[in-house]
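Under our numbering, the first residue of the sequence shown carries the number 3, and numbering increases by one thereafter.
The beta-carbon is built from N, C-alpha and C at its ideal position, and this holds for glycine as well.
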Amino acid sequence: MSSGLESLPVLYNGRLQPFDSVARHVLISIQEKTRVTRLVDTQKEDISPSKWLWGTITSQKEPLNDKVFLIRDPDIKHELTLTDKDNYFSFNEISMHLISIQKKADDFRQKDKHDLNAYENNILKLSNKLNLFSSLFYTFASHSDVSFFEYFSHYEQHVPKGLELFNVYNSTGLLEDIEDRKQLNKFNHYFKNHLVFSKNSSLHFFPNMESPTDYTQWKNTGAQLLQYLDQSFTSHPILENLAKATQYEPSSSEFHSLMKDTTSIYKESLGTAYNYVYLEYLLNTYNPFIYALYLYVLIILMSLFYYLIQNEKLFSYSKYLCYAAFLLHTIGLGLRMLIQGRPPVTNLYSSAIFIGWVGIILAFIQEKIFKHKIGYFIASILGSITLIIAYHLSFQSDTLEQMQAVLDSNFWLSTHVVTITLGYSGTYLAGLLGTFYILYTFFKKSSPVLNKELYTMVYGIICFSLFFSFIGTVLGGIWADQSWGRFWGWDPKENGALLIVLWNAIILHSRLAGIVKERGLMLMVIFGNIVTSFSWFGVNMLGVGLHSYGFMESAFNALIFYCITQFVIILIGVQSGPPEKLNR
Numbered sequence: 003m004s005s006g007l008e009s010l011p012v013l014y015n016g017r018l019q020p021f022d023s024v025a026r027h028v029l030i031s032i033q034e035k036t037r038v039t040r041l042v043d044t045q046k047e048d049i050s051p052s053k054w055l056w057g058t059i060t061s062q063k064e065p066l067n068d069k070v071f072l073i074r075d076p077d078i079k080h081e082l083t084l085t086d087k088d089n090y091f092s093f094n095e096i097s098m099h100l101i102s103i104q105k106k107a108d109d110f111r112q113k114d115k116h117d118l119n120a121y122e123n124n125i126l127k128l129s130n131k132l133n134l135f136s137s138l139f140y141t142f143a144s145h146s147d148v149s150f151f152e153y154f155s156h157y158e159q160h161v162p163k164g165l166e167l168f169n170v171y172n173s174t175g176l177l178e179d180i181e182d183r184k185q186l187n188k189f190n191h192y193f194k195n196h197l198v199f200s201k202n203s204s205l206h207f208f209p210n211m212e213s214p215t216d217y218t219q220w221k222n223t224g225a226q227l228l229q230y231l232d233q234s235f236t237s238h239p240i241l242e243n244l245a246k247a248t249q250y251e252p253s254s255s256e257f258h259s260l261m262k263d264t265t266s267i268y269k270e271s272l273g274t275a276y277n278y279v280y281l282e283y284l285l286n287t288y289n290p291f292i293y294a295l296y297l298y299v300l301i302i303l304m305s306l307f308y309y310l311i312q313n314e315k316l317f318s319y320s321k322y323l324c325y326a327a328f329l330l331h332t333i334g335l336g337l338r339m340l341i342q343g344r345p346p347v348t349n350l351y352s353s354a355i356f357i358g359w360v361g362i363i364l365a366f367i368q369e370k371i372f373k374h375k376i377g378y379f380i381a382s383i384l385g386s387i388t389l390i391i392a393y394h395l396s397f398q399s400d401t402l403e404q405m406q407a408v409l410d411s412n413f414w415l416s417t418h419v420v421t422i423t424l425g426y427s428g429t430y431l432a433g434l435l436g437t438f439y440i441l442y443t444f445f446k447k448s449s450p451v452l453n454k455e456l457y458t459m460v461y462g463i464i465c466f467s468l469f470f471s472f473i474g475t476v477l478g479g480i481w482a483d484q485s486w487g488r489f490w491g492w493d494p495k496e497n498g499a500l501l502i503v504l505w506n507a508i509i510l511h512s513r514l515a516g517i518v519k520e521r522g523l524m525l526m527v528i529f530g531n532i533v534t535s536f537s538w539f540g541v542n543m544l545g546v547g548l549h550s551y552g553f554m555e556s557a558f559n560a561l562i563f564y565c566i567t568q569f570v571i572i573l574i575g576v577q578s579g580p581p582e583k584l585n586r
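Below is the structure:
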């Protein structure tokens, strides 16, 4: 049952999002997963991301002992005297080494990032994780034995007298009464504390109630507490409620009641903006992409059984399940577009979702035209692969992140980015059909009718891919000219796009010239998967160019593995069809 905390709006990393999203992003940054397992009375207990983050920002003791810091480097473990067999450690296990870690990190930050070795990079990553975790502790911290609510209540009561004493001291330079001097010292202590909070806390809960949708005016707790120094300032209702909520467990009725009141304030002040935050919370909670993935995998298994036993009911069930999976896929894609107010492709994560979505539509169209009963099978394979890729990409960063300034154009995102992604989708679908052709003819007796249909389908899809890849590349050049002052700069991503255009053109010209026919064409479109994967992922990991998104070791390994599988399939195709038959 939701306590209301999960859907609470928070401004984090320049984006208004639900508390649940913030919690997930923080945990992914620190431990590369969203699940927290806590040892409670010798029993392991799963803690939700939101509950864990609430405990952290309210300075509870339990999160300090949660093993959420991922450290794989054996040298770092040895230096920190940590157990080598474990990879996850608590803040308390690392805290005694904070100064030495930060000192090393500061030294390494002075070096060029290309000159850093693995150990130095891992120290920087650990430093960033510790800085993030520490910044959360400045959200609702009292830095004393009392709770934040007590601290806040004392502060509210003390501000009028403190300001009065400050003004007296400022004008006379003297306070004769000892108690007055004590109160002024306490007032100064509050001021210094809140100044530290305002500089270090990364969560902004508090809008300017006069212009709540101006996100530049949202404040964190420290900055909001400093507002009380303005004598004309009235108490912020959200701060009042959240301060009270720090006294209670998220499962308590008092906490639920406070969250309900706080949500009402946000709803009234933010209007439509709150609806988008709540939609994102629903997207996190129900995650239609995961359920679509489960269905796609089920359809693949059902289709394989259908090909073995030829049961028409099984085919019918798989067809309707494929429609259901595609509907979930579409709902998820539509919600993302609605939440962001953007076209479907804004980053690598969304490109994976969209590539699968478009490929499935093309597979449906082909099934409708040719009725060969492989369309739903192919659609499910493409859907499952792309959603698996998207799932792993979701652990890299915020999937609904703010757009970089140079990319902040819905027009170019709708034209260049979507168009070139359509080309990716078509090329992958053609490669998948080519793979089906090679494996089908390897394991079963060749069917001339099916082979001809597959050949026709692949030819049509390559025409589709070449058209959109070419148009997308040209549009990208026009956008580059507007943004960077040059149409073409031989950037790795530009080269990757050009390779796709050239390879698809080579395929069509090879067919037209009679160099290849059925089998040869299929082998060429399978190699097209490698070319497209290099453009989609490979160039992003080179670490150079205007389109570089950074090296990801796990993605690199997966890319190499995928390319190897494509080469293996090509070899199978060559072996099962001798060279002299490749043009037949």
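1) Which word fits alanine 120, buried or exposed, when buried means at least 16 other C-beta atoms lie within 10 angstroms of its C-beta?
2) Would you tell me roughly how many angstroms separate the C-alpha atoms of aspartate 356 and lysine 269, rounded to the nearest one?
3) What whole-angstrom Cβ distance do cysteine 324 and tyrosine 378 have, given they're in contact under 8 Å?
4) Return helix, strand or coil for threonine 348, following the three-state DSSP convention.
5) What is the DSSP secondary structure of aspartate 108, counted as helix, strand or coil?
6) Out of curiosity, what's the CA-to-CA distance linking proline 346 and glutamine 219?
7) Among residues of its own chain, excluding the 5 on either side of leucine 260, which ones have a beta-carbon nearer than 6 Å to its beta-carbon?
8) Got a sec? Which residues, its chain only, sit under 8 Å from leucine 431 by beta carbon, not counting five neighbours each side?
9) Give the single residue among Met339, Gly336, Gln342, Val299 whose Cα lies nearest to the Cα of lysine 588.
10) Measure the CB-CB distance between phenylalanine 397 and glutamate 158 and report whether it falls below 7 Å.
11) With DSSP collapsed to three states, give me the class of proline 162.
12) Where does histidine 28 land, buried or exposed, given buried means 16+ other C-beta within 10 angstroms?
13) Using alpha carbons as the reference points, say which of Lys446, Thr348, Leu389 lies closest to aspartate 400.
14) Where does phenylalanine 71 sit, in a helix, a strand or coil, going by DSSP?
15) Taking all protein chains shown into account, do 16 or more other C-beta atoms lie within 10 angstroms of the C-beta of tryptophan 414, making it buried, or fewer, making it exposed?
16) Roughly how many angstroms lie between the CA atoms of tyrosine 280 and threonine 287, to the nearest whole one?
17) Tell me, please, which residues DSSP counts as bridged to lysine 447.
18) Measuring CA to CA, which of Lys69, Asp75, Leu501 is closest to asparagine 94?
19) Give the straight-line distance between the Cα atoms of phenylalanine 469 and glycine 428, rounded to the nearest whole angstrom.
20) Tell me which residues share the same chain as alanine 326 and place their Cβ nearer than 7 Å to its Cβ, disregarding the 5 neighbours each side in the sequence.
21) Taking the alpha carbon of glutamine 1 as the reference point, which residue from Pro65, Ser352, His418, Asn67 has its own alpha carbon closest?
22) Which residue marks the beginning of the alpha helix (DSSP H) containing threonine 274, and which one marks its end?
23) At a threshold of 6 Å, does leucine 177 count as lining the ligand SAM (C-beta to nearest heavy atom)?
24) In chain order, what are the residue ranges of uninterrupted beta strand (DSSP E) at least 3 long that sit wholly in the region 129-156?
25) Between the region 171-189 and the region 197-208, can you find at least three pairs of beta-carbon atoms closer than 8 Å?
26) May I have the straight-line CA-CA distance separating proline 20 from valine 198, to the nearest angstrom?
27) Quick one: grab the DSSP three-state call for threonine 475.
28) Look up lysine 519 in the DSSP assignment and say whether it is helix, strand or coil.
29) How far does the alpha helix (DSSP H) with isoleucine 380 in it reach, from first residue to last?
30) According to DSSP, simplified to helix, strand and coil, what is threonine 36?
31) Taking the beta strand (DSSP E) that leucine 514 belongs to, which residues open and close that run?
32) One question on the structure: do leucine 7 and proline 252 come within less than 7 Å of each other, judged by their Cβ atoms?
33) Is it the case that the Cβ atoms of tyrosine 283 and leucine 330 are separated by a distance below 7 Å?
34) Taking all protein chains shown into account, decide if serine 213 is buried (16 or more other Cβ within 10 angstroms of its Cβ) or exposed.
35) Between which two residues does the alpha helix (DSSP H) carrying glutamate 181 extend?
36) Which residues in the same chain as lysine 113 place their Cβ atom closer than 8 Å to its Cβ, once the five residues preceding and following it in sequence are excluded?
Quick answer:
1) exposed
2) A small fix is needed here, since residue 356 is phenylalanine in this sequence, not aspartate. Distance between the alpha carbons of phenylalanine 356 and lysine 269 is about 32 Å.
3) 4 Å
4) coil
5) helix
6) 29 Å
7) Asn243, Lys246, Ala247
8) Gly361, Leu364, Ala365, Ile380, Leu384, Ile463
9) This structure does not reach residue 588, given that the chain is present from 3 up to 586, and the question cannot be answered.
10) no
11) helix
12) For the record, residue 28 in the displayed sequence is valine; it is not histidine. Counting Cβ neighbours within 10 Å, valine 28 comes out buried, since at least 16 surround it.
13) Nearest of Lys446, Thr348, Leu389 to aspartate 400, Cα basis: Thr348.
14) Under the three-state reduction of DSSP output, phenylalanine 71 falls in the strand class.
15) Tryptophan 414 is buried by the Cβ-count criterion.
16) In a straight line, the C-alpha of tyrosine 280 is about 10 Å away from that of threonine 287.
17) Paired residue(s): none; lysine 447 is not in a bridge.
18) Lys69
19) 10 Å
20) Leu297
21) Because the chain spans 3 through 586 in this model, residue 1 falls outside it and cannot be assessed.
22) 274-288
23) The ligand SAM is not part of the structure shown, which contains no ligands of any sort.
24) Whole beta strand (DSSP E) segments, 3+ residues: zero.
25) no
26) 25 Å
27) helix
28) The DSSP-derived three-state label of lysine 519 is coil.
29) 377-395
30) coil
31) Element bounds for leucine 514: not the beta strand (DSSP E) but the alpha helix (DSSP H), 494-514.
32) yes
33) Not closer than 7 Å, so no.
34) exposed
35) Start and end: 180-202.
36) Glu122
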